[in-house]
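Residue numbers (this note's numbering): 111 to 381.
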């Protein structure tokens with residue numbers, strides 16, 4: 111496990127404390143924006159919260175890994191995985207995030223919000239040493255019982271689908287440093303989300319499916335990181351296919367019900 115300098119450890123502790131202090135305002139404001147101002151809702155919250163609660167109760171190092179279609183996926187995941195009261199009572203449940211610096215550095219409000227939302231920014235154009243420093247911080251946090259949310263694709267999917275060939279190895283590098291880690295896999299998609307976007311469509315319903323993955327590998331070094339990362343992205347792809355198939359089955363069933371409703375008695379008998 112990479113050792114952090116005491117200044118880095120203190121900085122993370124202070125950031126978490128300030129985030130918790132501000133959460134009584136930031137948290138409800140975010141939920142109001144998502145649910146009332148934008149009219150979005152998340153289907154699958156009850157199951158997601160149950161699985162998340164059980165995962166954290168296990169005490170094992172936990173990463174949250176999800177597909178990535180909008181710039182506010184993390185906010186919707188936070189809302190979906192636990193009620194506001196749980197976060198206020200135990201801010202460790204509120205996961206750390208890893209936004210790209212180019213999305214917020216020029217806006218002071220966003221910079222403050224990102225800081226209070228427990229984010230460890232990463233410069234995707236930075237050198238290897240800078241990226242390693244970020245991964246070291248994340249691995250340290252998870253090893254200390256904190257939760258970290260990562261998007262294995264490294265950015266929003268340009269095809270609107272999970273791309274198993276476009277996976278970063280940062281997830282695997284972190285997992286390879288942990289003892290018996292588990293990955294809380296989350297697949298989140300709006301009904302009207304055909305491709306990537308900045309935010310979900312107004313009034314759209316987001317479907318959330320979750321699963322626990324316990325990745326293991328016999329490899330070492332970079333091969334281990336690659337193997338573990340591919341296991342995670344493969345699981346997300348399976349979850350995507352399952353949700354798309356589920357929605358298609360519901361659509362077909364709805365078409366049949368509508369056809370049946372409008373037909374005559376003899377046709378009803380055939381159905």
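For each residue, glycine too, the CB sits at the ideal point set by N, CA and C.
ask   = I think residue 318 touches residue 344, with their Cβ atoms under 8 Å apart; what is that distance to the nearest whole Å?
value = The Cβ separation is near 19 Å, so there is no contact.
message = Please tell me whether residue 312 and residue 154 are closer than 9 Å, where the distance is taken between their beta carbons.
response = Taking the C-beta atoms as reference points, residue 154 is found no nearer than 9 Å to residue 312.
key: Residue burial classification, residue 116 (beta-carbon count within 10 angstroms, cutoff 16)   = In the assembly as shown, residue 116 is an exposed residue. Its beta-carbon has fewer than 16 other beta-carbons within 10 Å.
message = For residue 356, count the other beta carbons within 10 Å of its own beta carbon; 16 or more makes it buried, fewer makes it exposed. Which is it?
response = Classification for residue 356: exposed.
task = Put residue 315 into one of helix, strand or coil per three-state DSSP.
result = Residue 315: strand per DSSP, three-state reduction.
query = Out of curiosity, what's the CA-to-CA distance linking residue 174 and residue 364?
reply = A direct Cα-to-Cα measurement between residue 174 and residue 364 gives close to 34 Å.
ask   = Is it true that the CB of residue 303 sits closer than 9 Å to the CB of residue 264?
value = For the 9 Å CB-CB criterion, residue 264 and residue 303 do not form a contact.
query = Could you give the C-beta distance for residue 198 and residue 133, rounded to a whole number, given that I count them as a contact under 8 Å?
reply = A Cβ-Cβ distance of about 6 Å is found for the pair residue 198 and residue 133, placing them in contact under the 8 Å criterion.
query = Residues in its own chain within less than 6 Å of residue 276 by CB, not counting five upstream and five downstream?
reply = The beta carbon of residue 276 is closer than 6 Å to those of 263 in its chain, skipping five residues each way along the sequence.
key: Contact between the stretch 280 to 296 and the stretch 336 to 352 (3+ Cβ pairs under 8 Å)   = Yes, the stretch 280 to 296 is in contact with the stretch 336 to 352.
key: Cβ contact check for the stretch 246 to 262 and the stretch 200 to 209: 3 or more pairs under 8 Å   = Flag = yes, the stretch 246 to 262 and the stretch 200 to 209 touch.
query = Smallest Cα separation from residue 253: which of 135, 290, 125?
reply = Checking every option, the nearest Cα to that of residue 253 belongs to 290.
request  = Return the first residue and the last residue of the beta strand (DSSP E) that residue 239 is part of.
outcome  = No beta strand (DSSP E) contains residue 239, which is instead part of the alpha helix (DSSP H) from 238 to 253.
inquiry  = Suppose you measure from the CA of residue 168 to the CA of residue 250; what does that come to, to the nearest Å?
reply    = When rounded, the separation of the alpha-carbon atoms in residue 168 and residue 250 is 19 Å.
ask   = Relative to the C-alpha of residue 335, which residue among 354, 283, 158 is closest?
value = Nearest option by C-alpha distance: 283.
task = Assign residue 377 to one of two classes, buried (16 or more other C-beta atoms within 10 Å of its C-beta) or exposed (fewer than that).
result = At residue 377, the pLDDT of 33 sits below 50, so the modelled position is not reliable and the matter cannot be decided from this model.
query = Which whole-angstrom value describes the C-beta separation of residue 246 and residue 332, a residue pair presumed to lie in contact below a C-beta threshold of 8 Å?
reply = Not really, about 16 Å apart at Cβ, beyond 8 Å.
ask   = Sorted by chain position, which residues of the same chain lie with C-beta nearer than 7 Å to residue 178's C-beta, five sequence neighbours on each side aside?
value = Excluding positions up to five away in sequence, the list reads 261, 263, 265, 266, 267.
request  = Check the DSSP bridge columns for residue 382 and list the partner residues they point to.
outcome  = Lying outside 111 to 381, the shown extent of the chain, residue 382 is not represented and no answer is given.
key: Test item: CB-CB of residue 316 and residue 186 under 9 Å   = Taking 9 Å as the Cβ cut-off, residue 316 and residue 186 qualify as a contacting pair.
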